[in-house]
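Q:
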Amino acid sequence: MIDNRLQVIGKRMRELRTDRGLSQAELGKKLSVSQDTVSLWEKSKSVPPADIIILLAQIFDVSCDYLLGVSDY
């Protein structure tokens, strides 16, 4: 189940980022991380820490539950 959640976070991050026309580098700047870090998260090679998930939810105006795959809304 954890592997599935990891994939959901990466997929939803990528979808939200591209829907808003942001590059990985631009999102990285907003999060104070590198483009490589954003890439690892989107490829489900790594999981963003809780503070970054909260910041992503604020940037994309979605809930943390949505990003984590707990909710589809």
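Taking the numbering used here, the leading residue of the sequence shown gets -14, the next gets one more, and so forth.
Ideal Cβ positions, reconstructed from N, Cα and C, are used throughout, including at glycine.
May I ask which residues mark the beginning and end of the alpha helix (DSSP H) holding K14?
A: Taking the first residue of the sequence shown as position 1, residue 14 is located at position 29. Where K14 is concerned, the enclosing alpha helix (DSSP H) stretches over Q9 to L16.
Q: Would you call the segment 9 to 18 and the segment 46 to 57 in contact, with 3 or more CB pairs under 8 Å?
A: Counting Cβ pairs under 8 Å, fewer than three are found: no touch.
Q: With H, G and I counted as helix, E and B as strand and the rest as coil, what does DSSP make of N29?
A: Numbered from its first residue, the sequence shown carries residue 29 at position 44. Looking at the sequence shown, residue 29 is not Asn but Ser. Reduced to three states, the DSSP call for S29 is coil.
Q: What's the C-alpha gap between V18 and P34?
A: For the purposes of this step, residue 18 is taken as residue 33 along the sequence shown, with counting starting at 1. For the purposes of this step, residue 34 is taken as residue 49 along the sequence shown, with counting starting at 1. Going by the C-alpha atoms only, they are around 12 Å apart.
Q: Tell me whether V(-7) sits in a helix, a strand or coil according to DSSP, three-state version.
A: Stepping through the sequence shown from its first residue, residue -7 is reached at position 8. Reduced to three states, the DSSP call for V(-7) is helix.
Q: So, under 8 Å CB-CB, L16 and I38 are touching, yes? Tell me the CB distance rounded to an integer number of Å.
A: Here the question's residue 16 lines up with position 31 in the sequence shown. Here the question's residue 38 lines up with position 53 in the sequence shown. Not really, about 10 Å apart at Cβ, beyond 8 Å.
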